[in-house]
Amino acid sequence: MGHEDQLPQLRGGRFLTDGGIETYMVFQRDIELPEFASFDLLDSESGIRELRDYYRLFLELAKTHGVGFILESPTWRANPRWGEKLGRDAAALDRINREAIALMEELRAEYADEIGEPIVISGCVGPHDDGYSPTETLGPGEAAQYHSAQVASFAAAGADLITAITMTYAEEAAGIAQAAADAGIPAAISFTVETDGRLPSGQALGEAISQVDTETGSAPAYFMINCAHPTHFEDVLGELGDA
């Protein structure tokens, strides 16, 4: 089965998703997020209410405009390094990642008839290190092993795909894509790009995409970018075209 058969966003149409969940919670809701980890909200009833209200803001927009929606789980930090910083062991992270997908399932059921367009559930995977200026990097094999537990949790919980957000270098992205392929779940890769249109590693965007495809047998379903500012988008496209 190809990715187009599994993911409706690849078959055309418009899809909305949320944006800036951690920033919203901190600066709009005055909620403290230790280590900028929104998954921490899943451990309290008040936190879950905040998450529901946050996603409903965007789901209501999708309903108003008649577009599909991609529910991105609040699990950007729910991986081993950041989990350890927050006192969560492997079992706790597995529970958190599964509960995040279960919450996305509940929201999908709530809005499926109202929106009338596909609602896709994505397990959000964040980087091992900082998402903008990492000080430690992983090779593809190390990254695949490191991220495999979270990816497996998402696959077991029934997510439609995983999305790796704020990837700063190709090797970690390739490892995540491989972990997803091994778990039998589609993967989308989103690279962080600087104002010059290149990754923080200095690599051109097109070269990074080509490297990931080469190292994984074109495993990712698609690629996205996390751009510093909309005015820099032309620079990003220029780097992509030069590759």
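Using the working numbering, read the sequence shown as starting at 341 and increasing by one per residue. Every residue, glycine too, gets a C-beta built ideally from N, C-alpha and C.
Worksheet entry | Rounded straight-line distance, which links the Cα of glycine 463 to that of aspartate 582 | Low per-residue confidence applies at aspartate 582: pLDDT is 49, beneath 50, and the placement is therefore not dependable, though the value from the model is reported in the following sentence. Their backbone Cα atoms lie some 32 Å apart in a straight line.
Worksheet item: DSSP three-state call for lysine 403: helix, strand or coil?
Response: Helix, per DSSP.
Item to complete: Output the boundary residues of the beta strand (DSSP E) element that contains glycine 408.
Response: It spans 408 to 412 - the beta strand (DSSP E) in which glycine 408 sits, taken as one unbroken run.
Worksheet entry | Neighbourhood of alanine 495 by C-beta distance below 6 Å, restricted to the same chain and skipping five residues each side | Cβ neighbours of alanine 495 beyond the five flanking positions: Ala523 and Ile525.
Practice prompt. For isoleucine 361, I'd like the list of residues in its chain whose CB is within less than 7 Å of its CB, leaving aside the five on either flank, ordered along the chain.
Written response: So the qualifying residues of the chain are Ser378, Tyr394 and Pro414.
Worksheet item: Does the Cβ-Cβ distance between proline 489 and leucine 433 come in under 9 Å?
Response: Note that residue 489 corresponds to alanine in the displayed sequence, not to proline. Going by C-beta atoms, alanine 489 is nearer than 9 Å to leucine 433.
Worksheet item: By Cβ distance below 6 Å, which residues in the same chain neighbour arginine 421 in space, the five residues on each side in sequence not counted?
Response: Counting only residues of its own chain and dropping the five nearest sequence neighbours on each side, arginine 421 has a CB closer than 6 Å to the CB of His468.
Worksheet entry | the region 401 to 411 touching the region 346 to 354, judged by at least three CB pairs closer than 8 Å | With the cut-off at 8 Å, the region 401 to 411 and the region 346 to 354 touch.
Worksheet item: What span of residues does the alpha helix (DSSP H) with valine 366 cover, start to end?
Response: Careful: valine 366 lies outside any alpha helix (DSSP H) and carries neither H nor E.
Worksheet entry | CA-to-CA distance, histidine 343 to alanine 521, given in whole angstroms | Straight-line Cα distance between these residues: approximately 11 Å.
Worksheet item: How do the region 471 to 491 and the region 440 to 450 stand: do at least 3 beta-carbon pairs fall below 8 Å, yes or no?
Response: Of all C-beta pairs linking the region 471 to 491 to the region 440 to 450, fewer than three are shorter than 8 Å, placing the two stretches out of contact.
Practice prompt. Kindly list the residues whose CB is nearer than 6 Å to the CB of tyrosine 562, restricted to its own chain and excluding five residues on each side of it in sequence; keep chain order.
Written response: The residues are Ala528.
Worksheet item: Enumerated in chain order, which unbroken segments of the beta strand (DSSP E) with a length of 3 residues or greater are wholly contained in the region 464 to 516?
Response: As far as the region 464 to 516 is concerned, its whole beta strand (DSSP E) runs of at least 3 residues are 501 to 507.
Worksheet item: Rounded to a whole number of angstroms, what is the C-alpha to C-alpha distance between alanine 566 and glutamate 512?
Response: Reading off the sequence shown, one finds asparagine at residue 566, where the question assumed alanine. Approximately 16 Å, taken between the alpha carbons.
Worksheet item: Candidates Lys425, Gln368 and Ala402: which alpha carbon is nearest threonine 357's?
Response: When the alpha-carbon of threonine 357 is set against those of Lys425, Gln368 and Ala402, the nearest one is in Ala402.
Worksheet item: Identify the residues that DSSP records as bridge partners of asparagine 566: which are they?
Response: Asparagine 566 is bridged to Thr532.
Worksheet entry | Boundaries of the alpha helix (DSSP H) in which leucine 443 is found, first to last residue | Note, leucine 443: alpha helix (DSSP H), 430 to 455.
Item to complete: Could you check the C-alpha separation between serine 386 and threonine 532 for me, to the nearest Å?
Response: Cα-Cα distance, rounded: 32 Å.
Worksheet entry | The beta strand (DSSP E) enclosing threonine 357, as first and last residue numbers | First-last of the beta strand (DSSP E) with threonine 357: 355 to 357.
Fill in: Bridge-paired residues (DSSP) for valine 460
Looking at the DSSP output, valine 460 sits in a beta bridge with Ile410.
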